[in-house]
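Chains as they are written, first to last, in my numbering: chain A, 461 to 572; chain B, 19 to 133. The beta-carbon is built from N, C-alpha and C at its ideal position, and this holds for glycine as well. Note that this is a predicted model, so its numbers are computed, not measured. Take a look at the structure set out below.
Rendered as structure tokens:
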């Protein structure tokens, strides 16, 4: 079963605007990761945030984590057409396997 | 460094036939994963190897799917016999995993169509 659920399922914005995607999960986690998938390609890791962290930045990406609400958000600032992709959150559980459970993803379209 | 390699990239087979996918992880990565991604969904973990031992195969349909990782490097995922619902992209990923949870590096995937 999928633990993370992204919202919205699809998002269309104009180039230069900010894009915000949300992820909710159900059980306690060790960390939460965000991945990007371009059409027909494999996934690319974007950022990892641990359960004891609240916010993390990487370039134009900002991720927040609220463990009390079991939710995370990914903000992409000053979006570009090249940001068009599907974005997935994935949660790693507390057991030693650290296996990832992926959500269903948000499809982002950035219009030039 | 070279990324995760997978082959073939595309495969079309008829139901009840068998198929095999190959994966070569990033050099030095101890952990290897196989995922199934159905169109419009997120990847679902099928099996996780740590070196050549299985860590998790709870979602692997063992009546038709099998996987091995000989010598702790390359891995093969096999489906026999295939069903229509096996149509999906099969993704291989690897990670260091020697000091805790790390990001996973994904290959380009194999798109399987079962007719």
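Less than 8 Å separating the beta-carbons of residue i and residue j?
i	j	result
residue 557 of chain A	residue 55 of chain B	no
residue 125 of chain B	residue 114 of chain B	no
residue 12 of chain B	residue 35 of chain B	Because chain B is modelled from 19 through 133, residue 12 of chain B falls outside the range shown and cannot be assessed.
residue 53 of chain B	residue 129 of chain B	no
residue 502 of chain A	residue 60 of chain B	no
Since residue i meets chain B, which of its residues come closer than 9 Å, beta carbon to beta carbon?
i	result
residue 565 of chain A	58, 59, 60
In chain A, what lies closer than 7 Å to residue i by C-beta?
i	result
residue 121 of chain B	493, 505, 508
residue 127 of chain B	502
residue 73 of chain B	557
How many Å lie between residue i and residue j at the Cα?
i	j	result
residue 474 of chain A	residue 496 of chain A	19 Å
residue 546 of chain A	residue 539 of chain A	14 Å
residue 133 of chain B	residue 24 of chain B	22 Å
residue 604 of chain A	residue 525 of chain A	Because chain A spans 461 through 572 in this model, residue 604 of chain A falls outside it and cannot be assessed.
residue 507 of chain A	residue 544 of chain A	17 Å
residue 92 of chain B	residue 488 of chain A	33 Å
residue 45 of chain B	residue 505 of chain A	18 Å
residue 20 of chain B	residue 127 of chain B	15 Å
residue 559 of chain A	residue 471 of chain A	28 Å
residue 42 of chain B	residue 121 of chain B	17 Å
residue 30 of chain B	residue 40 of chain B	16 Å
residue 26 of chain B	residue 38 of chain B	9 Å
residue 569 of chain A	residue 97 of chain B	35 Å
residue 49 of chain B	residue 90 of chain B	9 Å
residue 565 of chain A	residue 57 of chain B	11 Å
residue 51 of chain B	residue 466 of chain A	23 Å
residue 461 of chain A	residue 486 of chain A	Here residue 461 of chain A scores only 47 on pLDDT, less than 50, and its place in the model is too uncertain to base an answer on.
List, in order along the chain, the chain A residues whose C-beta lies closer than 9 Å to that of residue i?
i	result
residue 67 of chain B	Within 9 Å Cβ-Cβ: nothing; residue 67 of chain B doesn't reach chain A, min ~11 Å.
residue 109 of chain B	502, 503
residue 63 of chain B	559, 560, 561, 562
residue 124 of chain B	495, 497, 501, 502, 503, 504, 505
Against chain C, with Cβ distances strictly below 8 Å, would residue i count as a contact?
i	result
residue 91 of chain B	No chain C is part of this structure, whose protein chains are labelled A and B.
So, under 8 Å CB-CB, residue i and residue j are touching, yes? Tell me the CB distance rounded to an integer number of Å.
i	j	result
residue 123 of chain B	residue 111 of chain B	6 Å
residue 69 of chain B	residue 88 of chain B	Not really, about 11 Å apart at Cβ, beyond 8 Å.
residue 511 of chain A	residue 490 of chain A	6 Å
residue 33 of chain B	residue 102 of chain B	6 Å
residue 469 of chain A	residue 567 of chain A	7 Å
residue 530 of chain A	residue 484 of chain A	6 Å
residue 464 of chain A	residue 561 of chain A	7 Å
Check whether the Cβ of residue i sits closer than 7 Å to any heavy atom of the ligand NAP, and report yes or no.
i	result
residue 490 of chain A	Although the ligand NAP was asked about, the structure shown includes no ligands whatsoever.
**Three CB pairs or more closer than 8 Å across the region 76-93 of chain B and the region 542-554 of chain A** = no
**Asked** Counting Cβ pairs, one atom from each stretch, are 3 or more of them under 8 Å apart for the region 507-523 of chain A and the region 64-78 of chain B?
**Response** no
**Prompt:** Is there contact here, the region 474-492 of chain A with the region 529-544 of chain A, by at least three beta-carbon pairs under 8 Å?
**Reply:** yes
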